[in-house]
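With the sequence shown counted from 1, adding 1291 to any position gets you this note's numbering.
Here is the structure we will look at, set down as structure tokens.
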Amino acid sequence: MSQTIDSSQTSPPAADNPQMTGTTSLQRTDNALCSLIEHARPSAERRTLLPLASLDLSGFSLSTRKLKLLLSSLPSGPGVVETLRCGPRVCKDACLPALLDFLQRVRAGGTGGAPSISMKTLNLSKCDLAQAAVAIFHQLPRSLEHLNLSGNRLRTMSMESLASVFSFGWLPHLLSLDLSDNPLGPSGLKAFARGLSSSPQSLPLQSLKLARTKAKAEGVGALAGALKAKKTTSLQTLDLAENEMRPAGLKHLSSAVNTEAVPQLRVLILKNNLLTYVAFEERNWCSAAELLSTSSLKELEELDLSENRLFDMEIGGAGTGSQLSAAAVAVPGRFPKLRRLDLGGIYPAVISSEQLAAFATSLGVGGLPSLQELVLPFGGSDHNPNPEGVVALANALTSGNLSQLRCLKLQFRYDMTDEAFAGLCRSLATGKVSLLQFLDLVLNDNDSAEGVGALAEMIGEKRLSFLESFRLKLSAVKGFAVSGLGLAFGCGGCPGLQKLDLKWSEEGDEGVRGLAEGLGGGRLSSLRDLCLSVDCGVGGEGETEWAGEGCRALGEVLSTGKVPSLRTVRIDWPCDQSFASLCEGLSQGRVDPPVMVDIDLRRRGLENDTYLGVRRFAETIRAGKLSGLRKVSSTRYRMLSREGAGVLGEALTHADALLNSLEELHILSQTQEANAFFFQGLSRGTGQLPALHTLHCAHGAESTIGTDGAQSLSALVSGGRVPSLKDLKVELEGIGQEGMQAFAATLSSPHVFALRRLDVFKLTSFHSANPAVEVDILSGALSSGHLRRLEELWVRGLWGVEDVRALCVGLGSGKLSSLRTLHFWNCSFGGQGSRALSEVLVAEKLPSLRILEAELTGLADEGVSAFVDVWMTRDPPPLQHLNFQHNALTGAIVNPVLRLLGSQQLPALETLSLFGNERIDERARESLLGTFPEVVKFARKFDWYLMK
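Structure below.
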């Protein structure tokens, strides 16, 4: 319990009494310190016993004076502030000197035999340090063991400073260093590497994280050279994820590994690094083969090669340049301690059937005897689904050589035929992998009844009694098979199951009914997270009279506390008669917090069936039966009728609904009429949605909210009914001046203070009589001052010079001081519009702007030149990312861009993306890339995935 005391009322005047003056000062220090740390005011003799082993200042927002007072009042001695976590405010501007003084005090240690603070962990992640890091690095305490500098815009200068710290041996006890998510680039990595290699003594460093530092091959090469100096032979974790290192960088790393530079390495993370791509159409597997054939990683326990296309080619196939085989990872004795192997990730991370067969065969003969976690990617061929790889994996699982396996995750594979899936499931039932805790299986477009039956049998017979998480994604399957699986869960065969994630499609709801019985059996006492994506043919032609009983039973189980451990329920369901039946079951009891429910509705069948599902859902909500509802999504094209949208909206704010936990509403791709009725329903209710932070109502043709919808939204927000709204996404096409005035009133309301992200689709319309007037009305809201906390603004569909100029009035008002991201898409700037926009894109108007994206805006060469001219003569915002994709730019932008980048007017700039500007000729590209290779980009990140 905190205690704040006004010292002016509790102490007598002390002007003439020095001793009393000291006492008063001490009391004031105690009072202020207590108010800061919310601790009862300690007695004088117990002041040094405050429990401050860890101090978290990440959310500190008070004055500099109070920060100085707090830090200067901290006692010295062992166990005091061993861990310090800072935030952006503490590390910059007027607060920075206070932090530096404190670090200097800690660095200097106790004087005259007094005890000192022995800080061991300093967490400066996401503090936006930039150049402030240089001052901090020179005050780092020698006692530090763990230093986190991730996400701080550190670049070459900062790394040179940090390198000097290592060169002078000022961090002799450092065990872990995290530099991830900093745009170090090759030059930054080189500077850092020099510091490591020049250390006067061997470093005890055990963990080094350099993920997403733009290292590329050159930077990894510098790091490899530093590792070869063997000053960091204690290294156990090395994270180089997402650094575009390519085969050249991997070759450098492999060379360091083979010189025994990291003999104790236990964790190596090389995720998403284009490890076999020299260029877009040129591949090389030699470096990968070299790394995977090493004999110098005997201590390795975790290897992450996910999101790299390594094993998609035939073994030794033409053009590979090597005999790279996935079996190399599992050669007996090569990685004897490997516990976790991740080859997965999103497409196109691939392992072919032949490669999987070779790999699994090696597993089956004891190639990885310590393996506990295995993640395998997409694979196989849809033209020739050869199941040899899956069959070999099943054989490996029955060999007894994977007895330590705790986690198995298989992504969708074309070669997972019915028979192969059944065989794989039977192999799991042999008891040879009985320690499995996490099982993730995906099967599409096949009848999987036999395999599902095998899974049900092994669960019912308690052969997977340690299972904690089970995910099974199926397509069409016989209802009796899923029913058997559900009933098996009710037999108590998985007493520790915490997460159950099932997806299937069936005719009827027999499977749903079996699952309901299993869940309601009382034997799943640890289940906390239930995720169901179901498509059942209830109520269709030929259904029996009991159709829907299974869905009702499931709803009743969920609403009557039959699974008391549940905390999260996620339901993805077609909005038809089956969902109506589910809602009937939910109405038999109630689902209240702490159970949270997310519901995603899909359209299936006739409109009448959809309306029935929506109506029953609304009735359940209105009756107060779903107060634990956290998220509602209706994202399928034109799923809601106007009547359905209206009753749903009205139910959400009904006085008896009590939706105090509802956080997200996604009503996407619906008609204007449906959107209007939805918002009218929302505004009619008298209840509040105090936790709602995300409201999306856009996406797709003709999905505007219309004038009526805008007016209802205004009533909802202006009435203080959604006080926590942070993310608003709407389409405004055709709302007219009346609708825009209502929308502007929404944004000018004092109740919109929580808004952080605003996304407006089709801001202007070709059918509008005077679109510039409408934009001018919106600009008035941007200038109102009520959006001063807005951090992200997306503008889509802005046409005409006068429209752009009208928007610039709001952008340049100076009332968007927190705006960090400004994104324009599918607009028409032209030269005059670009010049108008350039005048407001300055630090004076938008002091916090970090990201500027103008994609498909007709920016053209004239627009880029306008930006450059302004930024060369006035202080630009502290931009980190510029995106000028798809703007018909030509080679004429080269000189202006080179002039800007060479001027250091944008010192924080990390990327300038020019993708999709095909008229920039090869010579111009070479000039830009050759001069600023770390900044200029002509490829999207998406293209990396195409290459993999």
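In this text, a Cβ means the ideal position worked out from N, Cα and C, and glycines have one as well.
Practice item. Would you mind stating whether Tyr1902 and Gly1935 have Cβ atoms separated by less than 8 Å? Key: One-based indexing of the sequence shown puts residue 1902 at position 611. One-based indexing of the sequence shown puts residue 1935 at position 644. In this structure, Gly1935 lies closer than 8 Å to Tyr1902 by Cβ.
Check your understanding: What is the DSSP secondary structure of Val2226, reduced to helix, strand or coil?
Key -> Here residue 2226 corresponds to residue number 935 of the sequence shown, with the count starting at 1. Coil at Val2226, not helix or strand.
Review point. Residue range of the alpha helix (DSSP H) that Lys1542 falls in?
Key: Reading the sequence shown from its first residue, position 251 is the one you call residue 1542. Segment 1537-1549, the alpha helix (DSSP H) holding Lys1542.
Review point. I think Leu1375 touches Gln1430, with their Cβ atoms under 8 Å apart; what is that distance to the nearest whole Å?
Key: As a working mapping, residue 1375 is identified with position 84 in the sequence shown. As a working mapping, residue 1430 is identified with position 139 in the sequence shown. At roughly 12 Å, the Cβ-Cβ gap does not stay under 8 Å, so Leu1375 and Gln1430 are not in contact.
Check your understanding: Is Gln1963 buried or exposed, if buried means 16 or more other CB atoms sit within 10 Å of its CB?
Key -> For the purposes of this step, residue 1963 is taken as residue 672 along the sequence shown, with counting starting at 1. Gln1963 comes out buried.
**Study point:** Span of the beta strand (DSSP E), counted from its first residue to its last, around Ile1996
**Key:** In the sequence shown, the residue the question calls residue 1996 occupies position 705. Here Ile1996 belongs to no beta strand (DSSP E), and DSSP marks it neither H nor E.
Review point. Rounded to a whole number of angstroms, what is the C-alpha to C-alpha distance between Trp1795 and Ala1713?
Key: In the sequence shown, residue 1795 corresponds to position 504, counting from 1. In the sequence shown, residue 1713 corresponds to position 422, counting from 1. When rounded, the distance between both Cα atoms is 16 Å.
Point to revise | Span separating the alpha-carbon of Val2221 from that of Arg1600 | key: What you label residue 2221 is simply residue 930 of the sequence shown in a count that begins at 1. What you label residue 1600 is simply residue 309 of the sequence shown in a count that begins at 1. The sequence as given places Gly at residue 2221; Val does not occur at that position. Rounded to whole angstroms, Gly2221 to Arg1600 spans 28 Å at the Cα level.
Check your understanding: From Glu1373 to Gln1395, what does the alpha carbon distance come to, in whole angstroms?
Key -> Position 82 of the sequence shown, counted from the first residue, corresponds to residue 1373. Position 104 of the sequence shown, counted from the first residue, corresponds to residue 1395. Straight-line Cα distance between these residues: approximately 15 Å.
**Study point:** His2114 in three-state terms, based on DSSP
**Key:** Stepping through the sequence shown from its first residue, residue 2114 is reached at position 823. Strand at His2114.
Review point. What residue range is occupied by the uninterrupted beta strand (DSSP E) comprising Ala2179?
Key: As a first step, residue 2179 is located in the sequence shown; it is residue number 888 there, counting from the start. First-last for Ala2179: undefined, no H or E at that position.
Check your understanding: Got a sec, what are the start and stop residues for the alpha helix (DSSP H) Arg2087 sits in?
Key -> As a working note, residue 2087 is residue 796 in the sequence shown. Careful: Arg2087 lies outside any alpha helix (DSSP H), inside the beta strand (DSSP E) at 2083-2087.
Check your understanding: In the DSSP assignment, what are the bridge partners of Val1768?
Key -> To locate residue 1768, count along the sequence shown from 1; it is residue 477. For Val1768, which the question treats as bridged, DSSP gives no partner whatsoever.
Point to revise | Meets three-Cβ-pair contact criterion under 8 Å: the region 2179-2191 and the region 1460-1471 | key: no
Review point. With distances taken between CB atoms, is the gap from Ser1653 to Gly1670 smaller than 8 Å?
Key: As a first step, residue 1653 is located in the sequence shown; it is residue number 362 there, counting from the start. As a first step, residue 1670 is located in the sequence shown; it is residue number 379 there, counting from the start. No. Outside cutoff.
Review point. What is the rounded straight-line gap between the Cα of Lys2020 and the Cα of Glu1954?
Key: Mapped onto the sequence shown, residue 2020 falls at position 729. Mapped onto the sequence shown, residue 1954 falls at position 663. Answer to the nearest angstrom: the Cα atoms are 15 Å apart.
Exercise for review: Taking all protein chains shown into account, decide if Ala2145 is buried (16 or more other Cβ within 10 angstroms of its Cβ) or exposed.
Suggested key: What you label residue 2145 is simply residue 854 of the sequence shown in a count that begins at 1. That one is buried.
Practice item. At 4 residues or longer, and completely inside the region 1573-1626: list those alpha helix (DSSP H) runs for me, N to C. Key: 1577-1583
Review point. First and last residue of the beta strand (DSSP E) that includes Thr1851?
Key: In the sequence shown, the residue the question calls residue 1851 occupies position 560. In this chain, Thr1851 is not harboured by any beta strand (DSSP E), its DSSP state being neither H nor E.
**Study point:** Where the alpha helix (DSSP H) through Asn2174 begins and ends
**Key:** Working through the sequence shown from its first residue, we reach residue 2174 at position 883. No alpha helix (DSSP H) contains Asn2174, which is instead part of the beta strand (DSSP E) from 2172-2174.
Review point. Taking buried to mean at least 16 other C-beta atoms within 10 Å of its own C-beta, is Arg1337 buried or exposed?
Key: Residue mapping note: residue 1337 aligns to position 46 of the sequence shown, counting from 1. Low per-residue confidence applies at Arg1337: pLDDT is 49, beneath 50, and the placement is therefore not dependable enough to give any value.
Check your understanding: In whole angstroms, what separates the C-alpha of Ala1552 from that of Val1381?
Key -> One-based indexing of the sequence shown puts residue 1552 at position 261. One-based indexing of the sequence shown puts residue 1381 at position 90. Ala1552 and Val1381: Cα-Cα distance of roughly 38 Å.
**Study point:** Residue of Leu1719, Ala1965, Arg1895, Pro2224 minimising C-alpha distance to Ala1745
**Key:** Taking the first residue of the sequence shown as 1, we reach residue 1745 at position 454. Closest option to Ala1745, Cα to Cα, is Leu1719.
Point to revise | Beta-carbon gap between Arg1717 and Gln1663 smaller than 8 Å | key: Translated into positions along the sequence shown, residue 1717 becomes position 426. Translated into positions along the sequence shown, residue 1663 becomes position 372. In this structure, Gln1663 does not lie closer than 8 Å to Arg1717 by Cβ.
Review point. Between Leu1317 and Ser1363, what straight-line distance do the alpha-carbon atoms span, to the nearest angstrom?
Key: On the sequence shown, residue 1317 is found 26 positions in, with the first residue counted as 1. On the sequence shown, residue 1363 is found 72 positions in, with the first residue counted as 1. Reliability of the predicted coordinates at Leu1317 is poor, the pLDDT of 45 falling under 50, and no value is obtained from them.
Review point. What is the DSSP secondary structure of Phe2240, reduced to helix, strand or coil?
Key: Within the shown structure, residues of the chain are numbered from 1292 to 2239, placing residue 2240 beyond reach of any answer.
Check your understanding: Exposed or buried, which one is Asn1675 when buried takes at least 16 other CB atoms within 10 Å?
Key -> The residue you call residue 1675 lines up with position 384 of the sequence shown. With fewer than 16 Cβ atoms within 10 Å of its Cβ, Asn1675 is classed as exposed.
Point to revise | Reduced DSSP secondary structure (H/G/I, E/B, other) of Ala1570 | key: To locate residue 1570, count along the sequence shown from 1; it is residue 279. Here Ala1570 sits in strand by DSSP.
Practice item. Let me know the secondary structure DSSP gives Asp2152 once reduced to three states. Key: The residue you call residue 2152 lines up with position 861 of the sequence shown. DSSP places Asp2152 in helix when its eight states are reduced to three.
Check your understanding: Taking just the CA atoms, how far does Pro1495 sit from Ser1817?
Key -> Taking the first residue of the sequence shown as position 1, residue 1817 is located at position 526. Taking the first residue of the sequence shown as position 1, residue 1495 is located at position 204. If I take the Cα positions, the gap works out to 42 Å.
Practice item. Using only alpha-carbon positions, find the residue among Leu1556, Ser1525, Gly2071, Glu1741 that is nearest to Lys1589. Key: Sequence index remark: in the sequence shown, residue 1589 carries index 298 (1-based). Looking at the Cα atoms, Leu1556 is the closest of the given residues.
Point to revise | Range covered by the beta strand (DSSP E) that runs through Ile2142 | key: Here residue 2142 refers to the residue found at position 851 when the sequence shown is read from its first residue. From DSSP, the beta strand (DSSP E) with Ile2142 extends over 2142-2146.
Check your understanding: How many Å lie between Phe2115 and Val2086 at the Cα?
Key -> On the sequence shown, position 824 is the one that residue 2115 refers to. On the sequence shown, position 795 is the one that residue 2086 refers to. Roughly 5 Å separates the two Cα atoms.
Exercise for review: Taking only the alpha-carbon atoms, compute the straight-line gap between Leu1949 and Arg1975 and give it to the nearest angstrom.
Suggested key: Within the sequence shown, the letter at position 658 stands for residue 1949. Within the sequence shown, the letter at position 684 stands for residue 1975. Their backbone Cα atoms lie some 15 Å apart in a straight line.
**Study point:** Exposure of Trp1837, with buried meaning 16 or more beta-carbon neighbours within 10 Å
**Key:** As a first step, residue 1837 must be located in the sequence shown, where it is residue number 546. Summary for Trp1837: the model assigns pLDDT 42, below 50, so the residue's position carries little reliability; its value from the coordinates is reported in the next sentence. Exposed is the call here.
Point to revise | Sequence ranges, alpha helix (DSSP H) only - wholly within the region 1384-1459, length at least 4 | key: DSSP runs (the alpha helix (DSSP H)) wholly in the region 1384-1459: 1387-1399, 1423-1428, 1447-1458.
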